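Have a look at the structure below, then the notes.
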Amino acid sequence: MSEPSEHPVILFDGVCNLCTGSVQYVIRHDPKRLFRFASLQSEFGQKILSDHQLPANTFNSFMLLDGEKIYTRSTAALLVAKKLRGAVKLLYAFMIVPKFIRDVVYNMIAKNRYRWFGKKNECWLPTPELKSLFIDQ
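This note's numbering numbers the first residue of the sequence shown as 2 and each following residue consecutively.
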(Lines of atoms letter the chains of each structure in order from A and count residues from 1; the text may use other names and numbers.)
(Lines give C-alpha, C1' and ligand atoms only; values in the text may rest on other atoms or scores of the structure.)
Protein backbone atom coordinates (compact mmCIF):
# COMPACT_ATOMS: atom_id res chain seq x y z
CA MET A 1 0.00 0.00 0.00
CA SER A 2 1.22 3.52 -0.76
CA GLU A 3 1.88 5.98 2.00
CA PRO A 4 -1.24 8.08 2.71
CA SER A 5 0.63 11.35 2.02
CA GLU A 6 1.31 10.28 -1.58
CA HIS A 7 -2.41 10.20 -2.38
CA PRO A 8 -5.39 12.26 -1.27
CA VAL A 9 -7.33 10.24 1.32
CA ILE A 10 -11.11 10.17 1.44
CA LEU A 11 -12.41 9.71 4.99
CA PHE A 12 -15.97 8.41 5.21
CA ASP A 13 -18.54 6.95 7.60
CA GLY A 14 -17.90 3.22 7.25
CA VAL A 15 -21.39 2.12 8.30
CA CYS A 16 -23.35 4.56 6.11
CA ASN A 17 -24.77 3.04 2.91
CA LEU A 18 -24.65 6.41 1.09
CA CYS A 19 -21.03 6.95 2.13
CA THR A 20 -19.82 3.47 1.17
CA GLY A 21 -21.76 3.73 -2.09
CA SER A 22 -19.99 7.02 -2.77
CA VAL A 23 -16.61 5.39 -2.11
CA GLN A 24 -17.48 2.59 -4.51
CA TYR A 25 -18.50 5.19 -7.11
CA VAL A 26 -15.17 7.00 -6.68
CA ILE A 27 -13.27 3.74 -7.11
CA ARG A 28 -15.13 2.98 -10.36
CA HIS A 29 -14.46 6.49 -11.75
CA ASP A 30 -10.83 6.83 -10.60
CA PRO A 31 -8.93 4.73 -13.16
CA LYS A 32 -5.58 6.27 -12.17
CA ARG A 33 -6.13 5.14 -8.55
CA LEU A 34 -5.39 8.64 -7.26
CA PHE A 35 -7.46 8.30 -4.07
CA ARG A 36 -7.00 6.21 -0.95
CA PHE A 37 -9.74 5.57 1.58
CA ALA A 38 -10.20 5.21 5.33
CA SER A 39 -13.28 5.04 7.48
CA LEU A 40 -13.68 7.77 10.08
CA GLN A 41 -14.11 4.98 12.64
CA SER A 42 -10.69 3.45 11.84
CA GLU A 43 -7.52 4.13 13.82
CA PHE A 44 -6.21 6.24 10.93
CA GLY A 45 -9.49 8.17 10.66
CA GLN A 46 -9.55 8.84 14.40
CA LYS A 47 -5.94 10.09 14.29
CA ILE A 48 -6.74 12.51 11.46
CA LEU A 49 -9.79 13.81 13.34
CA SER A 50 -7.64 14.31 16.45
CA ASP A 51 -4.78 15.95 14.52
CA HIS A 52 -7.24 18.48 13.05
CA GLN A 53 -9.14 19.06 16.31
CA LEU A 54 -12.34 17.59 14.89
CA PRO A 55 -14.84 15.60 17.01
CA ALA A 56 -13.85 11.93 17.17
CA ASN A 57 -17.43 10.65 17.42
CA THR A 58 -19.12 12.65 14.68
CA PHE A 59 -19.18 10.79 11.39
CA ASN A 60 -21.51 13.02 9.39
CA SER A 61 -18.88 14.60 7.16
CA PHE A 62 -17.19 13.33 4.05
CA MET A 63 -13.58 14.50 4.35
CA LEU A 64 -10.64 14.78 2.02
CA LEU A 65 -7.10 14.80 3.37
CA ASP A 66 -4.78 16.22 0.75
CA GLY A 67 -1.26 16.51 2.11
CA GLU A 68 -1.65 18.24 5.46
CA LYS A 69 -4.87 20.03 4.48
CA ILE A 70 -8.29 18.68 5.38
CA TYR A 71 -11.44 19.57 3.44
CA THR A 72 -14.90 18.75 4.73
CA ARG A 73 -18.48 18.49 3.58
CA SER A 74 -19.39 19.92 0.17
CA THR A 75 -15.89 21.25 -0.51
CA ALA A 76 -14.39 17.78 -0.05
CA ALA A 77 -17.04 16.16 -2.26
CA LEU A 78 -16.63 18.72 -5.05
CA LEU A 79 -12.81 18.48 -4.98
CA VAL A 80 -13.10 14.71 -5.34
CA ALA A 81 -15.66 15.02 -8.17
CA LYS A 82 -13.26 17.30 -10.05
CA LYS A 83 -10.64 14.52 -10.22
CA LEU A 84 -12.96 11.74 -11.42
CA ARG A 85 -13.65 10.48 -14.91
CA GLY A 86 -16.97 11.30 -16.52
CA ALA A 87 -19.68 13.92 -16.24
CA VAL A 88 -19.50 13.97 -12.42
CA LYS A 89 -16.51 16.30 -12.71
CA LEU A 90 -18.94 18.99 -13.91
CA LEU A 91 -20.28 19.20 -10.35
CA TYR A 92 -17.12 21.12 -9.49
CA ALA A 93 -18.84 24.17 -11.03
CA PHE A 94 -20.86 24.36 -7.78
CA MET A 95 -17.70 25.67 -6.08
CA ILE A 96 -18.86 29.12 -7.17
CA VAL A 97 -21.78 28.76 -4.74
CA PRO A 98 -20.72 30.08 -1.31
CA LYS A 99 -19.66 27.29 1.05
CA PHE A 100 -22.28 28.14 3.68
CA ILE A 101 -25.04 27.62 1.10
CA ARG A 102 -23.52 24.40 -0.30
CA ASP A 103 -23.12 23.06 3.22
CA VAL A 104 -26.79 23.66 4.09
CA VAL A 105 -27.72 21.15 1.39
CA TYR A 106 -24.86 18.83 2.40
CA ASN A 107 -25.89 18.96 6.08
CA MET A 108 -29.51 18.15 5.24
CA ILE A 109 -28.42 15.04 3.34
CA ALA A 110 -25.92 14.07 6.07
CA LYS A 111 -28.53 14.44 8.80
CA ASN A 112 -30.97 12.13 6.99
CA ARG A 113 -28.54 9.71 5.34
CA TYR A 114 -29.26 6.73 7.62
CA ARG A 115 -33.02 7.17 7.28
CA TRP A 116 -32.92 7.62 3.49
CA PHE A 117 -30.13 5.20 2.55
CA GLY A 118 -29.76 2.87 5.53
CA LYS A 119 -26.92 1.84 7.77
CA LYS A 120 -24.80 -1.26 8.25
CA ASN A 121 -24.06 -2.81 11.65
CA GLU A 122 -20.34 -2.69 10.97
CA CYS A 123 -17.95 -0.97 8.58
CA TRP A 124 -17.97 -2.02 4.94
CA LEU A 125 -14.84 -3.93 3.96
CA PRO A 126 -13.35 -3.76 0.46
CA THR A 127 -12.82 -6.79 -1.70
CA PRO A 128 -9.31 -8.30 -1.66
CA GLU A 129 -8.62 -6.65 -5.06
CA LEU A 130 -9.41 -3.19 -3.64
CA LYS A 131 -7.83 -3.65 -0.20
CA SER A 132 -4.61 -1.87 -1.28
CA LEU A 133 -6.60 1.37 -1.73
CA PHE A 134 -7.67 1.38 1.93
CA ILE A 135 -5.73 2.52 4.95
CA ASP A 136 -6.07 0.78 8.29
CA GLN A 137 -8.65 -1.88 7.49
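Built from N, CA and C at the ideal position, the CB exists for glycine as well.
For clarity, every value in this text was computed on a predicted model and none was experimentally measured.
Taking each of Leu131, Asn61, Gln42 and Arg37 in turn and checking the Cα distance to glutamate 7, the smallest one comes out for Arg37.
Going by DSSP, tyrosine 72 is part of the beta strand (DSSP E) stretching over 70 to 73. Cβ contact annotation for glutamine 47 (same chain, cutoff 6 Å, sequence separation greater than five): Ala57, in chain order.
By alpha-carbon distance to aspartate 52, the top candidate from Ala94, Lys90 and Glu69 is Glu69. Sequence-distant partners of valine 106 (beyond 5 residues in either direction) whose C-beta falls short of 8 Å from its own C-beta, in its chain, are Ser75. In its chain, beyond the 5 residues on either side, Lys84, Leu85 and Arg86 have a beta carbon closer than 8 Å to the beta carbon of aspartate 31.
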